[in-house]
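**Q** Encoded as structure tokens, here's the structure I'll be asking about.
Residue numbers (the numbering used here): 10 to 148.
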């Protein structure tokens, strides 16, 4: 009996250690964009995404701040009514911003890569690739 109990405890411990951590999108966690589809960002530009609460998302689009409503159902993610502030920046930055916003409007699902990178997938093509932003006061 003792051997069976010890074996059961050992197997439970080993399986708990070897299992992958579950990943989910968390409210108030911000992510920084690294790639939009097949293209990296312009140097020193900052594009972000934060799920503010259960219905609103926002972030930086490079030049302007963006905000939207979203729906999250398991690994399905869609953004609706995307809007921005109206600042004007350099043409290359504005083009990148428009490309990013168009990609956001087409997002259909999300997943985390093995490297913990958030991937936002459109219906076709390459994903937006984002890294979690560490907040020194929280992390």
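For each residue, glycine too, the CB sits at the ideal point set by N, CA and C.
Taking only runs of the alpha helix (DSSP H) that begin and end inside the region 48 to 135, which ones reach a length of at least 4 residues, in chain order?
**A** 100 to 114
**Q** Looking only at C-alpha atoms, which of 93, 81, 94 sits nearest to residue 60?
**A** On the chain shown, residue 60 is found 51 positions in, with the first residue counted as 1. Of the listed residues, the one whose Cα sits closest to residue 60 is 81.
**Q** Suppose you measure from the CA of residue 102 to the CA of residue 41; what does that come to, to the nearest Å?
**A** As a working mapping, residue 102 is identified with position 93 in the chain shown. As a working mapping, residue 41 is identified with position 32 in the chain shown. So the two alpha carbons sit approximately 16 Å from each other.
**Q** Using the C-alpha atoms, what's the distance from residue 84 back to residue 128?
**A** Taking the first residue of the chain shown as position 1, residue 128 is located at position 119. Taking the first residue of the chain shown as position 1, residue 84 is located at position 75. Their backbone Cα atoms lie some 11 Å apart in a straight line.
**Q** Can you tell me which of 100, 141, 35, 66 puts its alpha carbon nearest to the alpha carbon of residue 91?
**A** Here residue 91 corresponds to residue number 82 of the chain shown, with the count starting at 1. Here the closest residue by C-alpha is 66.
**Q** Does the Cβ-Cβ distance between residue 47 and residue 139 come in under 8 Å?
**A** Residue mapping note: residue 47 aligns to position 38 of the chain shown, counting from 1. Residue mapping note: residue 139 aligns to position 130 of the chain shown, counting from 1. Contact flag unset, no.
**Q** To the nearest angstrom, how far is the alpha carbon of residue 64 from that of residue 79?
**A** Here residue 64 corresponds to residue number 55 of the chain shown, with the count starting at 1. Here residue 79 corresponds to residue number 70 of the chain shown, with the count starting at 1. So the two alpha carbons sit approximately 5 Å from each other.
**Q** Put residue 142 into one of helix, strand or coil per three-state DSSP.
**A** Position 133 of the chain shown holds residue 142. Here residue 142 sits in coil by DSSP.
**Q** Secondary structure at residue 41, three-state DSSP: helix, strand or coil?
**A** The sequence position of residue 41 within the chain shown is 32, counting from 1. Here residue 41 sits in strand by DSSP.
**Q** Residue 55 to residue 134, Cα distance in whole Å?
**A** On the chain shown, residue 55 is found 46 positions in, with the first residue counted as 1. On the chain shown, residue 134 is found 125 positions in, with the first residue counted as 1. Within the model, the alpha-carbon separation for residue 55 versus residue 134 is close to 22 Å.
**Q** Apply the 10 Å Cβ neighbour rule to residue 39 and answer buried if 16 or more other Cβ atoms are within range, or exposed otherwise.
**A** As a working note, residue 39 is residue 30 in the chain shown. By the 10 Å Cβ count, residue 39 comes out buried.
**Q** Tell me which same chain residues have a C-beta within less than 8 Å of the C-beta of residue 110, skipping the five on either side of it?
**A** In the chain shown, counting from the first residue as 1, residue 110 sits at position 101. Taken in chain order, the residues that qualify are 70, 75, 91, 93.
**Q** Does the separation of the CB atoms of residue 131 and residue 112 fall below 8 Å?
**A** Position 122 of the chain shown, counted from the first residue, corresponds to residue 131. Position 103 of the chain shown, counted from the first residue, corresponds to residue 112. It is a contact, given that the beta carbons lie within the stated cut-off.
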